[in-house]
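Below is one structure, written out as structure tokens; the observations come after it.
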Amino acid sequence: MKDLYAVIGKPIAHSKSPQIHLSFARSCGQNIDYTKIEGVVGDFAGQVDALRRAGGRGLNITAPFKLDAYAYASQLSERAQFAGAVNAMRFERGVVEGENFDGVGLVRDIVVNLGVPLAGARVLVLGAGGAARGTLPYFLAERPASLVVVNRTIDKARALAAQFATRGPIAAADYDALGGAPFDIVINATSASMTHELPPIPASAFQGCRLAYELAYGKGLTPFLARAREGQVHRLVDGVGMLVEQAAEAFTWWRGVRPETADVIKAITVPIE
Ligand code: NDP
35 MKDLYAVIGK PIAHSKSPQI HLSFARSCGQ NIDYTKIEGV VGDFAGQVDA
85 LRRAGGRGLN ITAPFKLDAY AYASQLSERA QFAGAVNAMR FERGVVEGEN
135 FDGVGLVRDI VVNLGVPLAG ARVLVLGAGG AARGTLPYFL AERPASLVVV
185 NRTIDKARAL AAQFATRGPI AAADYDALGG APFDIVINAT SASMTHELPP
235 IPASAFQGCR LAYELAYGKG LTPFLARARE GQVHRLVDGV GMLVEQAAEA
285 FTWWRGVRPE TADVIKAITV PIE
């Protein structure tokens, strides 16, 4: 019998995770099954119990269940604790290990795939939700010159800056204060693009920016990327590379073999026009 893995989320129909993991499995000679589970809010634990009873070995977790997964796991990695959320689980001998690979996936996409160093860079992150929280310590580990977090609800940005202050030069700011100091890299870690909204960032905040990175993926030119283009940024990227890189981390953790990611990223990239 093949080892069974799955992704759970709501909605889940358009998830690329089965395609990504089955491509990895083919290229690495791993004989696995990978399926999608349409999550039921309020019954996350019941659904994961059922997967485990069916012989499931691991699970990817996407919105809105990352906090449920955090509560369900019996062991949490440091990464999961930083993020306060779990996006991958491994089931072994009755233990449920919870991990979070979003931060490491994003950093790897920027530094390795895109070839843009974070070391010495002035980085601006929009948003202070789960994705931002899981990512900030990994940005700081790359030793940027500065890392500024802005959020609509400023207290959340301040709390994150305080939480990670011992790890590097991090500060919180208001959207109103943007447009003065330049940034090399601007990252949209808000969920605004999911509803085709624009976080209130002025085009002037992109002056001199080398890379505008949108965490949402497959949406083409989002309002954030359009604003970056208006601000003369030439390199506009979405989160498809982050998605594939976090999947590769999970696959490596589950199977003990690291897949190549370049062809998979290419296969599912939607052009930004
Ligand atoms: P959360 O719901 O945890 O956080 C949402 C954040 O967006 C909050 O900071 C919120 O601000 C802010 N926000 C929402 N709408 C607006 C708006 N109109 N203007 C300004 N700020 C806004 O979401 P996540 O952190 O989990 O996800 C963020 C994004 O990252 C999503 O688009 C998600 O799809 C993407 N993502 C991509 C991944 C990938 O692999 N590529 C992996 C994980 C996430 P406030 O606090 O004020 O409400």
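Just so it is clear: in the sequence shown, position 203 is 237 by my numbering, and no numbers are missing. Note that beta-carbon positions come from the ideal geometry of N, C-alpha and C, so glycine has one too.
- Task: Return the first residue and the last residue of the beta strand (DSSP E) that Ile-299 is part of.
- Result: Premise fails: Ile-299 lies in the alpha helix (DSSP H), 296-302, not in any beta strand (DSSP E).
- Query: Under a Cβ-count criterion, where at least 16 other Cβ atoms within 10 Å of its own Cβ denotes burial, should Lys-22 be classed as buried or exposed?
  - Reply: The chain is shown only over 35 to 307; residue 22 falls outside these bounds and no answer can be derived.
- Item | Which residues DSSP lists as bridging Gln-109, in chain order | Glu-131
- Query: Is it the case that the Cβ atoms of Gln-280 and Asp-136 are separated by a distance below 7 Å?
  - Reply: yes
- Should the stretch 183-190 be called in touch with the stretch 147-166, which here means at least 3 C-beta pairs below 8 Å? yes
- Task: Would you kindly work out how many angstroms separate the C-alpha atoms of Val-120 and Ala-239, rounded to a whole number?
- Result: 32 Å
- Task: Output yes or no for whether 7 Å exceeds the beta carbon distance between Val-220 and Gly-252.
- Result: no
- C-alpha gap between Ala-206 and Pro-233, whole angstroms: 16 Å
- Message: How far does the alpha helix (DSSP H) with Lys-190 in it extend, from its first residue to its last?
- Response: 188-197
- Message: Quick check: the Cα distance between Tyr-106 and Asp-37, rounded to an integer number of angstroms?
- Response: 21 Å
- Comparing the CB of Leu-148 with every heavy atom of ligand 1, is any distance shorter than 6 Å? no
- Rounded to the nearest angstrom, how far is the Cβ of Val-150 from that of Glu-176, given a contact under 8 Å? Not quite, the Cβ-Cβ distance comes to about 11 Å (not below 8 Å), so this is no contact.
- Message: If the criterion is Cβ atoms closer than 7 Å, does the pair Leu-259 and Leu-270 meet it?
- Response: yes
- Have a look at Cys-243, Asp-218, Val-130 and Gln-53 and flag the residue whose alpha-carbon is nearest the alpha-carbon of Thr-295. Gln-53
- Taking Cβ to Cβ, would you say Gly-275 is nearer than 7 Å to Asn-147? yes
- Report buried or exposed for Ser-51, applying the criterion of at least 16 other Cβ atoms within 10 angstroms of its Cβ. buried
- Query: Between the C-alpha atoms of Ala-2 and Val-183, what's the straight-line distance to the nearest angstrom?
  - Reply: Within the shown structure, residues of the chain are numbered from 35 to 307, placing residue 2 beyond reach of any answer.
- Query: Short check: CB of Phe-217 to CB of Leu-255, under 7 Å?
  - Reply: no
- Item | Any non-hydrogen atom of ligand 1 closer than 6 Å to Arg-186 Cβ | yes
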